[in-house]
Amino acid sequence: MATLLYRLGRGSMRRRRLVAAIWLVVLVGLGLAAATLRGPIADNFTMPGTESQRALDLLAEQFPEASGATGTIAVKAPADGALGSPQGQAVVKELTQEAATLPGVVGAVDPLQVGAVSPDGRYALVQVQFATGADEVTDAQRDAYEQVGARAEAQGWQVAPGGEVLNAVPEVGSTEAIGVAIAAIVLVVTFGSLVAAGMTMLNALIGVGVGMAGLFTLSSVVDLTSTAPILALMLGLAVGIDYSLFITSRYRQNLLEGLPPDEAVGRAVGTAGSAVLFAGATVVIALAGLAVVNIPFLTVMGLAAAATVTVAVLVAITLQPALLGFAGHRVLPRKLRASVPAGDRADDAPTAVPAAEDRSGFGFRWASAVTRFRVPVILVGLLGLGLLALPTPDMRLALPDAGTAPVGSPARTSNDLITEGFGPGFTGRLAVVVAGDSPQATSAAIPQVTALLQRTDNVLAVAPPQLSPDGRTALLGVVPKTGPTDEATETLVNDVRGSVGQFRDVDVLLTGVTAIGIDVSEKLSDALPVYLLLVVGLSVLLLMLVFRSLLVPVKAALGFLLTVAATFGITVAVFQQGHLADLVGLDTPGPLVSFLPILLIGILFGLAMDYEVFLVSRMREDFVHGDTAQQATINGMGHGARVVTAAALIMISVFGGFVFLDDPVIKSMGFALAIGVAIDAFVVRMTIVPAVMSLLGRGAWWLPRWLDKALPNVDIEGEGLRAHLAEPAPAAPRG
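With positions in the sequence shown counted from 1, the corresponding number in the numbering used here is that position plus 251.
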């Protein structure tokens, strides 16, 4: 593989104008396609096979008038009892009529007619029914809905439209550019060259542009959830910069050894490019593996991010060599350009590494200290990560509701007003679908179902049934006493489902946004152990293949589990328990979004393997070439620490930039990924790993002979490439 990449790197540099032109055409072409073919972004977390989804499908088939998106307009009068006065009733009636005539609305229910008024006569709820689902509500319809009630507000009333219809796609604005700016600064400091930093950043941005344009082009035929493009953007930026960084760093090192630019590029892509290809493959496999849990929106998120990472890898091993060809020696700081040895041919280049063998750098000193005090380092590291992981068992999962939306947003304002006037249960009402083969069967079951629901613990009220035109399907609204993400509400959902099994002549199904969220969370929780086992098993097999060792893969997998546990613990402490929530701009702590743990495992697995490969591959390389296990560990850390530190800081910066977004889901994803990368890179890979490698000694590289013969050699360290380059050129024929 290294030899093939070596040829690809040299070929890309020598035909750099053609390669750059091809990528530019791809970028422009996909950009135009995205602009013309881009489809709508969905925000529905459906779960085929669950009861809540079956109920929605049944409504869409038999009662389509009730299957569209719903809105709830919360109304607060200037004083108690105002809703009982003629003036107050006139205001509410006018508001209801205005809502009923909004574009996309099929009807609105007057709260005075159905009793949706608070006991103090000050609060009322206007129910609004849209013709289509929330994903199909247009921006113009949503804007008109948000502006309803202007005349009432002019008279001193408070009007707050809310409900699922306000679910909108999170906007990616200028705040995350902060992370990109910090990443650019890290590149400048690392390289000491604006040319090298700018070229690396340009390469990554082109890759992200191609990946995102392709993603939006496919959105016309694939249902993208609102978080899928943002996740793809996060990962595309982070790995794109990192992969270009690794190749550029090796290219600079080769130049300092005296290699001509084309040979330096070839060897950089053959060695560092091999690690990039493997690291990218692990990320792609982990993300694509999300499909095995059979959750459609999670599968789309994983495949979208995997596609963007794939583009980042292709750009790094083709476009990056071309850009390096344009830059030449300018990727080096000015003070180092003059010290580059002269040489026109690869076999004339000196084999010594004058600057790189300076062992006074921080990486060598840190590795020496860690290996010297390896036992205390391991114990302190394990104890520290264990303490950080303590909140993990308390983790609760749910889909986000309006109660955790940013303060001041329309959804949050409406939610708070409903809670203030009616209680938290009215913000997450449940819906019970009663469907029979005949109108008589349905009518006979409704009183029994209603009585059963009223006797169930934690039920505050049951609304009168809405009947379909043919009378075979009825929809009953159920108001819990507790909020949508409260544990008691989850218990209520399970209690209701357990008690309605007594009905034989009709189907009784529980649904609604709250029930869907509970179903999604439960299915994701059930899938989490299976996916974790899959990822850990995959990591052991892949690293065994790469490093020809049994203990190194086991150590890497255990380190990954430590990273995951500590990351979960910190995220729970901040986003669920509210500790230091102000530092991340979190208004209201609450359960973690249900797909965060499984998504975090997939992403952190790939990134953890990145750093494992880049550090341990150099350790193995030096050990194979005669160094002691102790010295090989120090060499691997000494040569890799600077680049891995820069790569980790870049990823932390990019992910951390998304913490500044208002959307709590994206905020928690960015925070967890940034913290996870920091823990894995600096605590696990650069501290615990060298300490454990030093403790294991030669045993770290032990592999049974039969297994060594059975495993294919992927040559991640480029040993085959070195042998190929060391072969003497054939003698010229004598004439």
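Just so you know, even glycine gets a beta-carbon here, dropped at the ideal spot from N, CA and C.
Indicate whether at least one CB of chain B lies closer than 8 Å to the CB of residue i.
i, result
"residue 626", "Looking for chain B here will not work: only one protein chain is present."
In chain order, what residues of the same chain have a beta carbon less than 7 Å from the beta carbon of residue i, not counting five sequence neighbours either side?
i, result
"residue 927", "814, 818, 851, 855"
"residue 351", "358, 359"
"residue 935", "810, 813, 814"
"residue 599", "Its pLDDT being 40, under 50, residue 599 is placed unreliably in this model, and the value from its coordinates should be taken loosely. If we look at residue 599 and ignore the five residues flanking it on each side, it has no Cβ neighbours."
"residue 457", "274, 278, 566, 570"
"residue 932", "862, 895, 899"
"residue 801", "795, 953, 954"
"residue 831", "825"
Would you check if the distance between the CB atom of residue i and the CB atom of residue j is smaller than 8 Å?
i, j, result
"residue 398", "residue 355", "no"
"residue 497", "residue 289", "no"
"residue 754", "residue 682", "no"
"residue 537", "residue 786", "yes"
"residue 638", "residue 256", "no"
"residue 656", "residue 685", "no"
"residue 353", "residue 396", "yes"
"residue 703", "residue 751", "yes"
"residue 403", "residue 342", "yes"
"residue 559", "residue 414", "no"
"residue 371", "residue 344", "no"
"residue 910", "residue 805", "no"
"residue 713", "residue 680", "no"
"residue 990", "residue 614", "Since the first residue shown for the chain is 252 and the last is 986, residue 990 is missing from the structure and cannot be characterised."
Using a Cβ-Cβ cut-off of 8 Å (strictly less than) and excluding sequence neighbours within five positions of residue i, which residues of its own chain qualify?
i, result
"residue 837", "825, 826, 829, 915, 918"
"residue 756", "687, 688, 692, 695, 696"
"residue 645", "823, 827, 828"
"residue 853", "537, 538, 540, 541, 553, 782, 786"
"residue 313", "686, 719, 721, 723, 724"
"residue 938", "621, 628, 632"
Please list the terminal residues of the continuous alpha helix (DSSP H) segment that includes residue i.
i, result
"residue 481", "478 to 507"
"residue 918", "915 to 929"
"residue 324", "Not the alpha helix (DSSP H): residue 324 falls in the beta strand (DSSP E), residues 321 to 327."
"residue 381", "Premise fails: residue 381 lies in the beta strand (DSSP E), 374 to 381, not in any alpha helix (DSSP H)."
"residue 796", "764 to 798"
"residue 365", "362 to 365"
"residue 583", "Looking at the DSSP string, residue 583 is not in any alpha helix (DSSP H), and its letter there is neither H nor E."
"residue 431", "428 to 442"
"residue 902", "880 to 908"
"residue 387", "Residue 387 -> no alpha helix (DSSP H), and no H or E assigned at all."
"residue 517", "512 to 539"
"residue 868", "847 to 875"
"residue 450", "445 to 469"
"residue 267", "267 to 288"
"residue 819", "802 to 822"
"residue 669", "661 to 673"
If residue i sits next to residue j, beta carbons under 8 Å apart, how far is it from one beta carbon to the other, in whole angstroms?
i, j, result
"residue 808", "residue 781", "Not a contact, Cβ separation roughly 16 Å."
"residue 428", "residue 908", "7 Å"
"residue 885", "residue 526", "That belief does not hold up - the Cβ atoms of residue 885 and residue 526 are roughly 20 Å apart, past 8 Å."
"residue 461", "residue 562", "5 Å"
"residue 259", "residue 451", "With 8 Å as the limit, residue 259 and residue 451 do not qualify as a contact, their Cβ atoms being about 19 Å apart."
"residue 480", "residue 407", "42 Å between Cβ atoms; not a contact."
"residue 666", "residue 654", "5 Å"
"residue 795", "residue 574", "Contact doesn't hold; Cβ gap of about 35 Å is too wide."
"residue 770", "residue 298", "5 Å"
"residue 849", "residue 775", "6 Å"
"residue 844", "residue 651", "6 Å"
"residue 503", "residue 583", "6 Å"
Can you list, in chain order, the residues of its chain whose CB lies under 6 Å from that of residue i, leaving out five sequence neighbours each side?
i, result
"residue 739", "709, 733"
"residue 555", "466, 479, 483"
"residue 816", "640, 643"
"residue 603", "Reliability fails at residue 603, whose pLDDT of 39 lies under 50, so the model's placement of it is uncertain and the value that follows must be treated cautiously. Excluding residues within five positions, none has a Cβ falling inside 6 Å."
"residue 606", "Caution applies to residue 606, whose pLDDT of 44 falls short of 50 and renders its modelled position unreliable; the model cannot decide the point."
"residue 492", "434, 455, 901"
"residue 980", "Because residue 980 sits at a pLDDT of 47, beneath the cut-off of 50, its placement in the model cannot be relied upon, and the point is left open."
Quick one: give me the first and last residue of the beta strand (DSSP E) that residue i is part of.
i, result
"residue 682", "681 to 687"
"residue 410", "409 to 413"
"residue 751", "Here residue 751 belongs to no beta strand (DSSP E), and DSSP marks it neither H nor E."
"residue 650", "Per DSSP, residue 650 belongs to no beta strand (DSSP E) and is neither H nor E."
"residue 726", "724 to 731"
"residue 711", "710 to 713"
ask   = At a cut of 8 Å, does the segment 614 to 625 reach the segment 944 to 957 through at least three beta carbon pairs?
value = yes
ask   = Between the segment 429 to 444 and the segment 895 to 915, do at least 3 Cβ pairs fall closer than 8 Å?
value = yes
Three or more C-beta pairs below 8 Å linking the segment 565 to 585 and the segment 509 to 524 = yes
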